[in-house]
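Input: a single structure, listed below in structure tokens.
There are 2 protein chains.
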Amino acid sequence: MIDHRTLRVALLGAGSVGSQVANLLIERADELEERTGARLELSGIAVRDVDAPRDVELPRELLTTDASQLILGSDIVIELMGGIEPARTLILEALNSGADVVTGNKALLATHGAEIFDAADQVGASVSYEAAVAGAIPIIRPLKDSLAGDRVKRIFGIVNGSTNYILDRMDRDGLSADEAMSIAAELGYLEADPTLDVEGYDAAQKAAILASLAFHTTVSIDDVHREGITSVTGEMVESARRAGLVIKLLAVCERLGEGDDESISVRVYPALISREHPLASVRGGNNAVFVEAEAAGDLMFYGAGAGGIQTASAVMGDVVSAARRHIAGGVGVGESPRGDLPVAPIGAIVTRYQIRLEVSDEPGALEAIARAFSAGGVSLATVEQTTIETDDGAPTAQIVIGTHRAHEEDLSDIVAALAASEVVERVASVLRVEGE
Amino acid sequence: MIDHRTLRVALLGAGSVGSQVANLLIERADELEERTGARLELSGIAVRDVDAPRDVELPRELLTTDASQLILGSDIVIELMGGIEPARTLILEALNSGADVVTGNKALLATHGAEIFDAADQVGASVSYEAAVAGAIPIIRPLKDSLAGDRVKRIFGIVNGSTNYILDRMDRDGLSADEAMSIAAELGYLEADPTLDVEGYDAAQKAAILASLAFHTTVSIDDVHREGITSVTGEMVESARRAGLVIKLLAVCERLGEGDDESISVRVYPALISREHPLASVRGGNNAVFVEAEAAGDLMFYGAGAGGIQTASAVMGDVVSAARRHIAGGVGVGESPRGDLPVAPIGAIVTRYQIRLEVSDEPGALEAIARAFSAGGVSLATVEQTTIETDDGAPTAQIVIGTHRAHEEDLSDIVAALAASEVVERVASVLRVEGE
């Protein structure tokens, strides 16, 4: 190759991913030059505190606390600080100065994505974010490019490794939710604020990003129906296992309706899936995403969902692409124009449900419950009545109902009616069944 | 959007994939315009016989037998004729006229890839070929872009649906090889010339393409060690099953050695893998590819490996990318410069082996066999002796040996010595064990 240019690369943030990215940029400079036709020069690393301890030793002279100054004159800016501010302002500064941006900031994209993509479009720069969803797994690029000539019908997957680890330990080792959670915390699987994981915020951010891309629609985290795993008990996991099912925290993005009635549903909740389903065997902190497309059929992408070095691989792929784009000299190809489909409320979805009820053991209880379902227009697929011991040791009747496919709004009306009914002592759990 | 350009798209070939691509270009013209910012105008479809029956009804006025004429003035040329000529000449014509090329032609790329990529580099055009490997599964783009900043250590996977169908039916339903093959032929799973599938040529072409891309090295089909499934018997499949293993036709591409001693091995053969391995559960005609990268760790890509409409999805993704590139106005970003690692002979690989021997049932037989292994420097992990009935009904002793990891050249010397030895009546099978 002749005439190799030098591209100035600014790195914002040197946490577990950022420090690995810095390391790869330095150690693999020659290989990257071969891959891109450009010398990628790491011009500096913006950090909050130049003296803070890091996972990887970084050249002291590259560290700076002045991110804005570092951005000036950069060709590529890699933002790995996380959080909304100052990340948002710095990314906008970078785009306005003509740099391409690579980011792994899911919280930012799930809240201010539209603003950032618009800014990039206006100046002809690119924003890449493979690292924002499912760590090392290439899922953004396949959706953006490989499936660009196809039509995505549905995406569902396991996109949060911490909660998958917790549910997996509960399932495999019979741990209680509390036990599994303390082990996950000890192993560093949970964020400093565990609610981001266990309440489903992290998965909801990723669902918003995937849905935006797949359906060419602006979806923010506020559009995502979100339920975490805090309501999942060892008893629910055990009962699922006996039925050949497993509980996973799923992110689901799907098209509803057709033509002018088309809308999309984006949701995160713990759901039952068959043990035969490939997602059931996703262990520990791994991630897996299923994509159902009109022409391509079913595709699955599987790999490490987190980890500094793994996520750094995704960042580096984006950096190489940005560098090639610079060398090729083309202007940025913005995000596709938005179809802006309406986002449907959770009541609009159609799926199967499993409802566990504790009932007073009296004649007519089952009949009353069956009547509630038929009056609500939801038909029953399976009914199983057993006697269990409640927490206070008293025997009580448990009825586990599996429905046929039904509208969520019909189902929730029925559940509300059951909760208020005299024969039902407790609605122990309501779970959706996915992956069928 | 303003100022939408029209891009002229020429299609060469209207077989099962080509006719679906034509159909998608026509039916989804508006959606494609939204995605790319360009009107994609299908300017013609070159076929051998305009009157031949097709899977999909195509507008008669678009059909032509003059491919060269059609190529002139095209912005994007999609080659789905298959075979070496005239596909090779037409692709070179298209590139020289400045068009971007999208192809699904694995036979051509595995033999004349270097020539075609060089031609593209010289004129600054692009050649995309997602459809050439693993049908609808995005694997080319993740290797080329997403993992471009990482280092691929090993790729292994199931890339031929026909042979996977045959092996799967033998395993699940206890069919003989002949029975499974006739069913596969009846269902249209096999090519007109079944040796392309069952002798491993199709998988070897795909392995050559994957290895070229992953290791930045020119690998042609002649560099690929190839063994088909014709030697796999029902007895071997059954014996694997009893041991908790399954036989799959694997394509394996891996780096051997380090630094100046680095080389690559590219091979296709039936191998044993554990039933616990995710590849073991790849059913019927599906494909799955594992990628082990230095930073990203293990990734898996899974989906339909063939089928007209599924493969058309991969073609359309490439067409959209080519169109965006045209609109962005950049020159083509060629294939990465080649590292050109040497391709190692099959003798250089290191793996575990399972050897089944039929031996004369006399004292000292096992000792002689064990001595052959230790003299050859290969240590044994498991030995199992049973009495079986041979084809002529006579009882004979069967010894199944599992080795520790060993060099293939050491192992083949030992197998040659055993075959010549007096105590061994027959070397019934030698299989490699992968995926550990």
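Sequence lines, in order, name chains P and X. Numbering follows my numbering, with no gaps: position 168 of the first sequence is 565. Numbering follows my numbering, with no gaps: position 262 of the second sequence is 659. Think of the CB as a built atom: it goes at the ideal place given N, C-alpha and C, for glycine as much as any other residue.
Check: For aspartate 542 (chain P): DSSP bridge partner residues; Outcome: DSSP output for aspartate 542 (chain P) lists no bridge partner at all.
Check: Residue interval of the beta strand (DSSP E) (run including isoleucine 644 (chain P)); Outcome: 642-653
Check: Minimum C-alpha distance to isoleucine 526 (chain P) - residue among P:Val520, P:Ala507 and P:Leu439; Outcome: The residue asked about is misnamed: residue 526 (chain P) is tyrosine in this sequence, not isoleucine. The shortest Cα separation from tyrosine 526 (chain P) among P:Val520, P:Ala507 and P:Leu439 belongs to P:Ala507.
Check: Interface partners of arginine 569 (chain P) on chain X, CB under 8 Å; Outcome: Within chain X, no residue comes near arginine 569 (chain P); the closest Cβ sits about 14 Å away, beyond 8 Å.
Check: Per DSSP, the bridge partner or partners of asparagine 684 (chain P); Outcome: P:Gly700
Check: Distance CB(glycine 654 (chain P))-CB(aspartate 542 (chain X)) smaller than 8 Å; Outcome: no
Check: For cysteine 650 (chain X) and valine 663 (chain X), believed in contact at Cβ under 8 Å, the rounded distance; Outcome: 5 Å
Check: CB contact below 8 Å: phenylalanine 698 (chain X) versus chain P; Outcome: yes
Check: Straight-line Cα distance separating isoleucine 563 (chain X) from aspartate 575 (chain X); Outcome: 9 Å
Check: Glutamate 476 (chain X) in three-state terms, based on DSSP; Outcome: strand
Check: Local Cβ density within 10 Å of alanine 407 (chain X), reported as buried at 16 or more and exposed below that; Outcome: buried
Check: Within chain P, partners of glutamine 707 (chain X) - CB distance below 7 Å; Outcome: Ala692, Ala693 and Gly694
Check: Distance, alanine 531 (chain X) Cα to alanine 516 (chain P) Cα; Outcome: 37 Å
Check: For glutamate 831 (chain P), the residue or residues it bridges with in DSSP; Outcome: DSSP lists no partner for glutamate 831 (chain P).
Check: Neighbourhood of valine 520 (chain X) by C-beta, 8 Å cutoff - its chain only, sequence neighbours within 5 removed; Outcome: Leu492, Asn493, Gly495 and Gly729
Check: Same chain only: Cβ atoms within 6 Å of proline 739 (chain P), ignoring 5 sequence neighbours per side; Outcome: Ser660
Check: Partner residues on chain X for alanine 703 (chain P), Cβ-Cβ distance less than 7 Å; Outcome: Per Cβ cutoff of 7 Å: no residues; alanine 703 (chain P) is ~11 Å from chain X at best.
Check: Nearest neighbour of glycine 700 (chain P), chosen from X:Ala589, X:Gly546 and X:Phe687 [CA to CA]; Outcome: X:Phe687
Check: Those residues which DSSP pairs with glycine 694 (chain P) across a bridge; Outcome: P:Ala690
Check: Buried versus exposed call for alanine 605 (chain P) [16 or more other C-beta atoms within 10 Å across all chains shown]; Outcome: buried
Check: Any C-beta of chain P under 8 Å from that of proline 739 (chain X); Outcome: no
Check: Delimiting residues of the beta strand (DSSP E) encompassing valine 634 (chain P); Outcome: Not the beta strand (DSSP E): valine 634 (chain P) falls in the alpha helix (DSSP H), residues 631-639.
Check: Chain P residues whose Cβ lies nearer than 8 Å to that of leucine 429 (chain X); Outcome: Gly546
Check: Touching by the beta-carbon criterion (3+ pairs, under 8 Å), the stretch 668-683 of chain X and the stretch 824-832 of chain X; Outcome: yes
Check: Minimum Cβ-Cβ distance from glutamate 424 (chain X) to chain P less than 8 Å; Outcome: no
Check: Within chain X, partners of alanine 711 (chain P) - CB distance below 8 Å; Outcome: Ser543 and Ala693
Check: Listed by chain order, chain X residues near serine 416 (chain P) by CB distance under 7 Å; Outcome: Going along chain X, no residue has its Cβ under 7 Å from serine 416 (chain P), so there is no contact; the nearest lies around 13 Å.
Check: Uninterrupted beta strand (DSSP E) stretches inside the stretch 410-476 of chain X (no shorter than 3 residues); Outcome: 435-443 and 473-476
Check: Within chain X, the residues that proline 535 (chain P) reaches when beta carbons sit closer than 7 Å; Outcome: Pro539 and Ser543
Check: Residue-chain proximity (glycine 714 (chain X), chain P), Cβ-Cβ < 8 Å; Outcome: yes
Check: Per DSSP, the bridge partner or partners of phenylalanine 553 (chain P); Outcome: P:Val649 and P:Phe687
Check: For proline 792 (chain X): DSSP bridge partner residues; Outcome: X:Glu786
Check: Ordered list of alpha helix (DSSP H) runs contained in the stretch 745-778 of chain X, each at least 4 residues; Outcome: 762-773
Check: CB contact check: serine 671 (chain P) to chain X, cutoff 8 Å; Outcome: no
Check: Minimum Cβ-Cβ distance from leucine 421 (chain X) to chain P less than 8 Å; Outcome: yes
Check: Chain X within 8 Å of serine 440 (chain P), Cβ atoms only; Outcome: no
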